[in-house]
Structures are given as C-alpha cells and as structure tokens.
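Let me begin by presenting the structure, written as structure tokens, before commenting on it.
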Amino acid sequence: MSSDHVIDVRGLTKSFGRFPALNGVDLQVEKGHVHGFLGPNGAGKSTTIRVLLGLLRADGGTTTVLGGDPWRDVVDLHRRLAYVPGDVSLWPGMSGGEAIDLLGSLRGGLDERRRAELVERFELDPTKRGRQYSKGNRQKVALVAALASDVELLILDEPTSGLDPLMAKVFRDVIGEAKARDTSVLLSSHILAEAESLADRISIIRGGRIVRTGTLTELRGHARSSIRATLGRIPEPRELDTLHALDTLHGVRVDGDRLSATAEAARIGEAMTSLAPYGLSALTVEPPSLESLFLEFYDGDAASGPDDAAVSP
Numbered sequence: 000m001s002s003d004h005v006i007d008v009r010g011l012t013k014s015f016g017r018f019p020a021l022n023g024v025d026l027q028v029e030k031g032h033v034h035g036f037l038g039p040n041g042a043g044k045s046t047t048i049r050v051l052l053g054l055l056r057a058d059g060g061t062t063t064v065l066g067g068d069p070w071r072d073v074v075d076l077h078r079r080l081a082y083v084p085g086d087v088s089l090w091p092g093m094s095g096g097e098a099i100d101l102l103g104s105l106r107g108g109l110d111e112r113r114r115a116e117l118v119e120r121f122e123l124d125p126t127k128r129g130r131q132y133s134k135g136n137r138q139k140v141a142l143v144a145a146l147a148s149d150v151e152l153l154i155l156d157e158p159t160s161g162l163d164p165l166m167a168k169v170f171r172d173v174i175g176e177a178k179a180r181d182t183s184v185l186l187s188s189h190i191l192a193e194a195e196s197l198a199d200r201i202s203i204i205r206g207g208r209i210v211r212t213g214t215l216t217e218l219r220g221h222a223r224s225s226i227r228a229t230l231g232r233i234p235e236p237r238e239l240d241t242l243h244a245l246d247t248l249h250g251v252r253v254d255g256d257r258l259s260a261t262a263e264a265a266r267i268g269e270a271m272t273s274l275a276p277y278g279l280s281a282l283t284v285e286p287p288s289l290e291s292l293f294l295e296f297y298d299g300d301a302a303s304g305p306d307d308a309a310v311s312p
C-alpha cells in the first residue's frame with residue numbers, strides 16, 4: 000500500500016450465493032482527505048464498507064486499511080478507526096453519555112474537551128437512555144463518540160440519516176475540523192450536496208464496480224454545462240436548424256426569446272460565439288452538479304442485491 004493511502008482496495012470481489020455484490024472494486028483513499036463514496040442501495044457501498052471493517056471476508060482481490068489486513072488485523076485496526084452506520088442501535092438501558100464513553104474506550108479513550116464541545120454543538124442530552132432516543136439522537140451519540148476519538152480514519156455510512164438540516168450543517172463543520180487535524184474520511188452518503196461540499200475526491204459505484212473516480216472538477220470534465228440565454232433576436236427556422244446541427248451545442252430548445260442547451264466545458268467559448276449573432280441580453284452557464292453527474296451514471300435500473308443493511312456500533 001502507498002504510504003499516502005489509508006485505504007487501498009484492488010480488484011475486490013464478494014458474492015452472496017450466486018449474486019456477485021462486488022465485481023472488482025478499486026478504491027483508494029488518500030491520507031488526510033475526505034473521499035465521497037456514492038451509489039444507490041444495492042450498488043455495493045455497504046458490502047465494501049463491511050469488508051473494510053473486517054465484518055465480511057472478501058472472496059478475492061486485496062484490501063488494506065491503515066496498512067493492515069482488515070480481516071486479520073481487525074482488533075488493532077478498530078482502535079485506530081471509527082465507524083458510524085446509517086441506523087445506529089444503542090444499548091436500551093445505557094445513557095447516551097455512557098455509550099459515548101464505552102465506544103471511546105474501545106478506541107483508546109476520548110478527547111474530553113472535544114467530547115463536551117460536540118455534545119453541546121449537536122444539542123445532545125447525554126443523560127437519556129438509549130431507548131428514549133429518536134433516530135436522529137442515536138446518530139448524534141455515534142457521531143460524538145467517533146469524532147471525539149483520536150482516530151486516524153473515519154468510515155461513515157449515511158451518517159446524517161435522521162438529522163435535521165441544522166444538525167447536518169454542524170456535521171459538515173466538524174468533518175471539516177477533523178480533516179484539518181489530518182483525519183482521513185470515507186463518506187458514503189445519499190445526500191449529494193453533502194458529498195459535494197466535503198469531498199476532495201469522489202468514487203461512484205454501480206453494479207459492484209467503481210464506474211468513475213476523481214475530483215469534482217475532473218468528473219465535471221466528462222459532462223456538459225447547462226446554458227440558458229435570453230436572446231435579443233429570435234432565430235428564424237433555418238437558423239434554428241443550424242443551431243441544432245452544431246456539435247458545440249446539444250439539446251437546443253427555444254421558447255420565445257429564451258434558449259436552453261448544453262455544451263462541453265472545453266467548448267463553452269465556441270458555444271457563446273455561435274449564440275452571439277442573436278444579441279444575448281442575459282446568459283447563465285452552470286457546470287454540472289454532482290447530482291447530475293450521479294444521475295448520468297445511473298440512467299436506467301441500477302443493480303440491486305443484499306446490500307446496505309445497518310450494522311450496530
């Protein structure tokens with residue numbers, strides 16, 4: 000494993016009976032980075048995460064986490080990483096504060112100052128018993144326990160499930176602070192704006208394979224920007240035919256004096272030149288969002304299978 004990779008997965012395979020959940024997954028997470036891991040239910044995200052945690056044994060390929068084998072070195076590795084699932088189960092009779100301390104002790108202890116600060120910022124009442132907590136508050140307990148630990152790696156699988164928008168904003172803030180402490184993060188999320196705002200790199204998985212990996216800028220380089228313009232002169236029918244025939248503009252639609260189209264990022268200048276004769280009075284060019292990139296890879300039915308069941312902390 001490269002010294003710069005806290006997670007290095009090569010050719011990972013895993014089947015459940017006749018169903019191939021993972022078909023040669025390659026995933027590398029760099030030290031000190033937040034890496035977004037995206038895909039719908041059944042794509043292979045949680046199966047991959049369970050292999051990384053040593054909860055499942057891979058059928059093939061190589062997997063290293065923090066330089067160790069997650070199956071063979073599971074006890075040692077779990078002292079150096081923290082995991083938050085998307086549906087946290089707590090001990091019914093144990094208070095939230097006791098659960099935080101117990102989980103922290105499994106990782107060698109907590110930063111008490113950070114623990115107190117996180118409890119306050121997440122507006123968590125640590126005196127309540129596990130049975131009294133809502134789903135969102137159970138998530139808060141696991142997040143405080145993970146983020147107050149001095150770990151090298153956070154593995155987060157839908158961590159903000161059940162949190163309201165204000166608490167999701169707190170989550171984004173504290174992940175940014177963890178990154179500043181050189182903590183590495185693998186973030187699996189259905190909230191694409193969350194990954195878009197936090198991730199240094201993003202991997203998109205479909206049908207048990209990584210279909211694209213890169214920075215958001217790199218991923219956008221393979222997609223088209225949206226163009227919306229208000230025209231000073233409405234194109235005549237023959238001019239419209241010419242616009243439709245251009246290979247710089249795609250999906251041209253004109254409604255009165257308003258035009259919409261798409262264009263490759265490298266050809267935006269050419270697209271503007273082709274529209275200039277129509278007297279642009281307003282123009283908006285938007286790079287593709289992570290959501291549009293994601294949907295591009297998931298046009299049609301995605302693979303499904305026995306993936307994404309919750310695992311208790």
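0 is the number of the first residue of the sequence shown in numbering that gives the first Met the number 0; add one for each residue after it.
We treat Cβ as the ideally placed atom computed from N, Cα and C, and that holds for glycine.
Model, not experiment: these values are computed from the prediction.
Nearest to residue 188 by CA position, among 38, 10, 137, 226, is which residue? 38
Cβ distance (whole Å) where residue 79 is taken to contact residue 140 below 8 Å: Actually they are not in contact, since the Cβ atoms of residue 79 and residue 140 sit about 21 Å apart, beyond 8 Å.
heavy atom of the ligand ADP below 8 Å from residue 47 C-beta: The model on display carries no ligand, and the ligand ADP is accordingly not part of it.
Can you grab the Cα-Cα spacing for the pair residue 208 / residue 18, in whole Å? Rounded to whole angstroms, residue 208 to residue 18 spans 14 Å at the Cα level.
Mapping DSSP to helix, strand and coil, what is residue 0? Bear in mind that the predicted position of residue 0 carries a pLDDT of just 48, short of 50, making it unreliable; the figure below should be weighed with that in mind. Residue 0 falls in the coil class under three-state DSSP.
Using the three-state DSSP reduction, which class does residue 104 fall into: helix, strand or coil? helix
Under 9 Å between C-beta atoms of residue 105 and residue 77: yes
Suppose contacts are defined by Cβ-Cβ distances below 9 Å. Is residue 192 in contact with residue 226 by that definition? No, the Cβ-Cβ distance between residue 192 and residue 226 is not below 9 Å.
Residues that DSSP places opposite residue 328 in a beta bridge: Examination of residue 328 is not possible in this model, given that the chain is present from 0 through 312 alone.
Pair every Cβ in the segment 0 to 16 with every Cβ in the segment 164 to 181, then say whether three or more of these pairs are closer than 8 Å. no
Have a look at residue 186 and residue 112 and give me their C-alpha separation to the nearest angstrom. 25 Å
Under the DSSP definition of a beta bridge, which residues are partnered with residue 7? 27, 63
Report the option in 74, 120, 70 whose CA atom is closest to the CA atom of residue 169. 120
From residue 89 to residue 283, what does the alpha carbon distance come to, in whole angstroms? 49 Å
Inter-residue CB distance, residue 204 and residue 43 (contact presumed, cutoff 8 Å): 5 Å
Rounded C-alpha distance that separates residue 65 from residue 165: 33 Å
In whole angstroms, give me the CA-to-CA distance for residue 294 and residue 40. Pairing residue 294 with residue 40, the inter-Cα distance amounts to about 14 Å.
So, at 8 Å on beta carbons, what are the nonlocal neighbours of residue 257 in its own chain, with the 5 sequence-adjacent residues on each side left out? 227, 228, 229, 230
So residue 200 packs on residue 34, CB below 8 Å; how close in whole Å? 5 Å
In the DSSP assignment, the beta strand (DSSP E) including residue 263 goes from what residue to what residue? 257 to 263
Taking all protein chains shown into account, decide if residue 202 is buried (16 or more other Cβ within 10 angstroms of its Cβ) or exposed. That one is buried.
I'd like to know whether the C-beta atoms of residue 173 and residue 138 end up nearer to each other than 9 Å. It is not a contact, given that the beta carbons lie outside the stated cut-off.
In chain order, what residues of the same chain have a beta carbon less than 8 Å from the beta carbon of residue 380, not counting five sequence neighbours either side? Lying outside 0 to 312, the shown extent of the chain, residue 380 is not represented and no answer is given.
Spatially closest choice to residue 206 from 254, 148, 5, 21, by CA coordinates: 21
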